[in-house]
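A.B. asks:
Numbering (the working numbering), first residue to last: 202 to 677.
Next up, the structure:
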């Protein structure tokens with residue numbers, strides 16, 4: 202039938218990201234991808250609750266609202282810290298896919314047994330833990346906008362916790378082997394480090410080196426990221442220490458990016474002056490962009506938007522300032538850069554690679570539990586597997602206000618072209634209209650998004666013209 206075929210094509214907006222050397226590459230265009238990301242954990246720790254069936258990617262209308270606002274900001278990736286592998290994420294993943302936004306997913310959660318215990322990692326590196334990790338893979342492996350998995354986040358943040366380094370390589374190995382054996386495509390696995398300079402370089406070297414003499418070592422990370430807050434206010438490239446980060450990672454054998462950034466130790470809204478440096482000539486040869494911390498305003502005061510109890514949302518000056526700084530960049534140039542195809546040889550894992558005497562120099566890893574080996578070889582039976590779905594509406598129904606309190610109207614996700622990635626330079630990313638001054642980005646009847654097997658997108662961008670596909674086909 203014509204309708205399902207058209208809809209299937211419309212759902213496949215993003216193409217998977219692949220890694221070539223130290224670059225993220227758009228597999229459709231061959232161009233290098235710079236991450237323009239935001240940390241996405243609405244509700245903070247309460248946004249993940251296994252007992253109530255809630256996680257950040259389980260509520261379609263919320264994802265639609267946020268994706269529309271992120272799209273206008275120029276975001277091309279979200280980082281989600283805690284997901285429940287047993288929930289249905291089809292709608293949210295499809296919404297972000299349609300908006301041209303990738304997903305960076307942590308495989309752990311704060312619940313007991315769902316993460317490696319930093320104090321005694323040997324007590325939690327178990328088959329049960331790995332089964333849960335593999336279920337996260339199963340839940341997201343079918344989505345083309347699943348960009349990467351994080352095996353750990355700040356598990357190593359001081360000399361005492363460096364005992365976890367072999368376990369991070371072990372979890373990385375198990376994840377990579379499971380993905381290679383059971384996923385329709387390979388999805389990269391990495392680690393998100395704390396920017397603790399005393400151990401940062403050792404952590405990076407320990408996790409990126411090879412024990413087999415080549416890049417095919419399953420226990421080495423595919424990417425390395427760090428949570429850095431050293432640039433505060435109107436700091437500079439040198440006063441912030443960004444110059445040291447650039448020189449430290451210049452010899453990396455894997456892509457490196459900031460998995461969190463955005464110091465809030467300033468008077469008033471954050472100016473985001475680090476944007477020019479992060480995406481400028483001095484850093485982009487080494488770094489692949491970054492993830493702003495964070496989307497919603499929580500108690501720690503890092504938000505770009507503020508939520509109300511009824512689901513309405515208001516932009517903050519942090520959002521406006523970030524949009525301004527991103528708008529000053531020439532992303533047409535950044536997006537047009539081809540992959541550099543630089544030959545990369547990872548360092549050999551040996552004691553001389555580690556600088557601090559208290560950091561592990563033993564690269565013998567814990568053996569994969571026997572039950573987990575069986576899961577890797579045979580896959581998980583009956584695991585929840587996500588899939589892209591079509592959308593009945595891309596129009597946002599919740600109330601949205603700008604930073605001054607004026608209503609924003611006609612807010613909707615605009616579908617990107619097939620293979621296109623969202624960016625600050627896409628048409629329409631200048632921001633939604635306030636009340637009474639703008640037109641909708643997609644045509645068609647309003648209504649909240651919902652999952653369906655054969656429904657249509659409300660609006661489809663084709664050559665700059667928005668066409669109501671369902672209405673058109675009904676008249677054939």
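Glycine included, C-beta positions come from ideal geometry on N, C-alpha and C.
Enumerate in chain order the residues of its own chain whose CB-to-CB distance from residue 494 is below 7 Å, with the five nearest sequence positions on each side excluded.
C.D. replies: The residues are 240, 461, 462, 463 and 503.
A.B. asks: Report yes or no: do the region 223-242 and the region 484-498 share at least 3 C-beta pairs separated by less than 8 Å?
C.D. replies: Output reads yes: the region 484-498 touches the region 223-242.
A.B. asks: For residue 619, name the three-state secondary structure that DSSP assigns.
C.D. replies: Coil, per DSSP.
A.B. asks: Between the region 306-326 and the region 363-376, are three or more C-beta pairs nearer than 8 Å?
C.D. replies: Output reads yes: the region 363-376 touches the region 306-326.
A.B. asks: With residue 224 as the anchor, note down where its alpha helix (DSSP H) starts and where it stops.
C.D. replies: Segment 224-227 is the beta strand (DSSP E) holding residue 224; no alpha helix (DSSP H) there.
A.B. asks: Can the beta-carbon of residue 391 be found less than 8 Å from the beta-carbon of residue 424?
C.D. replies: Yes, these two residues count as a Cβ contact at 8 Å.
A.B. asks: Please report the straight-line C-alpha distance between residue 475 and residue 228, rounded to a whole angstrom.
C.D. replies: Each residue's alpha carbon lies about 29 Å from the other.
A.B. asks: Counting beta carbon pairs with one atom in the region 439-451 and one in the region 480-493, are three or more of them shorter than 8 Å?
C.D. replies: Contact holds: three or more Cβ-Cβ distances are below 8 Å.
A.B. asks: Ends of the alpha helix (DSSP H) at residue 273?
C.D. replies: Note, residue 273: alpha helix (DSSP H), 261-274.
A.B. asks: Using a Cβ-Cβ cut-off of 8 Å (strictly less than) and excluding sequence neighbours within five positions of residue 294, which residues of its own chain qualify?
C.D. replies: The residues are 258, 304, 341, 344, 346, 347, 587 and 589.
A.B. asks: When DSSP labels each residue in this structure, what does residue 381 get in the three-state scheme?
C.D. replies: Three-state DSSP puts residue 381 in a helix.
A.B. asks: Using 8 Å as the Cβ pair cut-off and three pairs as the minimum, do the region 397-407 and the region 606-614 touch?
C.D. replies: As far as the Cβ criterion goes, the region 397-407 does not touch the region 606-614, which means the pair count is below three.
A.B. asks: Report the rounded CA-to-CA distance for residue 308 versus residue 256, giving the unit in angstroms.
C.D. replies: Near 13 Å, if we compare the C-alpha coordinates of residue 256 and residue 308.
A.B. asks: According to the neighbour-count rule (16 or more other Cβ atoms, all chains shown, within 10 Å of its Cβ), is residue 492 buried or exposed?
C.D. replies: With 16 or more other Cβ atoms within 10 Å, it is buried.
A.B. asks: Using the Cα positions of residue 315 and residue 576, report the straight-line distance between them to the nearest angstrom.
C.D. replies: Distance between the alpha carbons of residue 315 and residue 576: 17 Å.
A.B. asks: Inspect the CB distances between the region 273-293 and the region 522-535 and report whether three or more fall short of 8 Å.
C.D. replies: Enough Cβ pairs lie closer than 8 Å, so yes.
A.B. asks: Could you pull out every residue in the same chain whose Cβ sits closer than 8 Å to the Cβ of residue 517, ignoring the five residues on either side in sequence?
C.D. replies: Answer for residue 517: 470, 498, 504, 505, 506, 507 and 604, listed in chain order.
A.B. asks: Beta strand (DSSP E) containing residue 409: first to last residue?
C.D. replies: First-last for residue 409: 398-409, but that is the alpha helix (DSSP H), not the beta strand (DSSP E).
A.B. asks: Would the beta-carbon of residue 163 fall within 8 Å of that of residue 306?
C.D. replies: Only positions 202 to 677 of the chain appear in the structure, and residue 163 is not among them; the question remains open.
A.B. asks: Since residue 301 and residue 601 should fall inside the 8 Å C-beta cutoff, what is the C-beta to C-beta distance between them, to a whole number of angstroms?
C.D. replies: Residue 301 to residue 601, Cβ: 20 Å. No contact.
A.B. asks: My assumption, with CB atoms under 8 Å, is that residue 566 sits in contact with residue 370. Please give the rounded CB distance.
C.D. replies: Indeed, because the Cβ distance is near 5 Å, the residues count as touching under 8 Å.
A.B. asks: Select from 533, 456 and 467 the residue whose C-alpha is nearest the C-alpha of residue 519.
C.D. replies: Answer by Cα proximity: 467.
A.B. asks: What's the gap between the Cα of residue 260 and the Cα of residue 521?
C.D. replies: Near 26 Å, if we compare the C-alpha coordinates of residue 521 and residue 260.
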